[in-house]
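Enquirer: Quick one: the structure is below, questions incoming.
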């Protein structure tokens with residue numbers, strides 16, 4: 493696989509508590525409002541770095557799992573991947589990402605539940621975001637085959 497480089501920008505105006513910004517993909521694929529309330533309270537219609545990380549982890553994991561199911565001889569019909577990122581106070585370190593929990597419902601033909609569970613473990617090992625997050629936090633993965 494070739495080296496992959498992607499970019500995003502944030503334009504922020506104002507203080508932390510009263511300011512806001514806009515996160516934009518380098519490709520222009522998204523333009524999302526960000527502010528402090530989205531991080532610590534009611535997100536309303538804005539996003540946060542933690543939500544963006546959850547989306548990135550879920551996307552990375554979905555592509556990794558699709559690959560592993562195909563390698564095991566299955567055909568993916570649909571993967572519903574939910575990722576929950578948790579940030580918490582860590583003694584002496586401040587606020588840190590402490591966990592990323594991934595739950596998957598897989599619809600796939602030609603593969604059994606045991607093979608999906610194995611593919612899920614292998615997909616986690618091959619997901620670059622799982623590796624990145626696991627360097628300083630826990631990652632859990634739960635996958636089930638549904639009909």
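Residue numbers (my numbering): 493 to 639.
No residue lacks a Cβ here, since even glycine has one placed at the ideal position from N, Cα and C.
#1: Looking only at C-alpha atoms, which of 511, 548, 600 sits nearest to residue 593?
#2: Helix, strand or coil: which one does DSSP assign to residue 626?
#3: Helix, strand or coil: how does DSSP classify residue 510 here?
#4: Given that a residue counts as buried once 16 or more other Cβ atoms are within 10 Å of its Cβ, and exposed if not, what is residue 522?
#5: Are there 16 or more other CB atoms within 10 angstroms of the CB of residue 533, so buried, or fewer, so exposed?
#6: For the alpha helix (DSSP H) containing residue 559, name the first residue and the last one.
#7: May I ask you to verify whether the stretch 507-527 touches the stretch 584-600, counting CB pairs closer than 8 Å and requiring at least 3?
#8: According to DSSP, is residue 580 helix, strand or coil?
#9: Could you tell me the distance, in whole angstroms, from the CA atom of residue 568 to the CA atom of residue 624?
#10: I need the straight-line Cα distance from residue 558 to residue 620, nearest angstrom please.
#11: Sorry if obvious, but does the Cβ on residue 612 come closer than 7 Å to a heavy atom of the ligand GTP?
#12: Output the boundary residues of the beta strand (DSSP E) element that contains residue 599.
#13: Keeping to the same chain, check which residues put their C-beta closer than 6 Å to that of residue 482; ignore five residues upstream and five downstream.
Expert: Judging by the given coordinates:
#1: Selected option, being the one with the closest Cα: 548.
#2: In the three-state reduction of the DSSP assignment, residue 626 falls in the helix class, which pools H, G and I.
#3: Coil, per DSSP.
#4: By the Cβ-count criterion, residue 522 is exposed, with fewer than 16 other Cβ atoms from all chains shown falling within 10 Å of its own Cβ.
#5: In this structure residue 533 is exposed. Its beta-carbon is surrounded by fewer than 16 other beta-carbon atoms within 10 angstroms.
#6: Taken as a continuous stretch (DSSP letters only), the alpha helix (DSSP H) holding residue 559 covers 541-563.
#7: Segments in contact, no.
#8: Three-state DSSP puts residue 580 in a strand.
#9: If you draw a straight line from the Cα of residue 568 to the Cα of residue 624, it is about 26 Å long.
#10: Going by the C-alpha atoms only, they are around 15 Å apart.
#11: No copy of the ligand GTP appears in this structure; indeed no ligand is present at all.
#12: Start and end: 586-601.
#13: Because the chain here runs from 493 to 639, residue 482 falls outside it and cannot be looked at.
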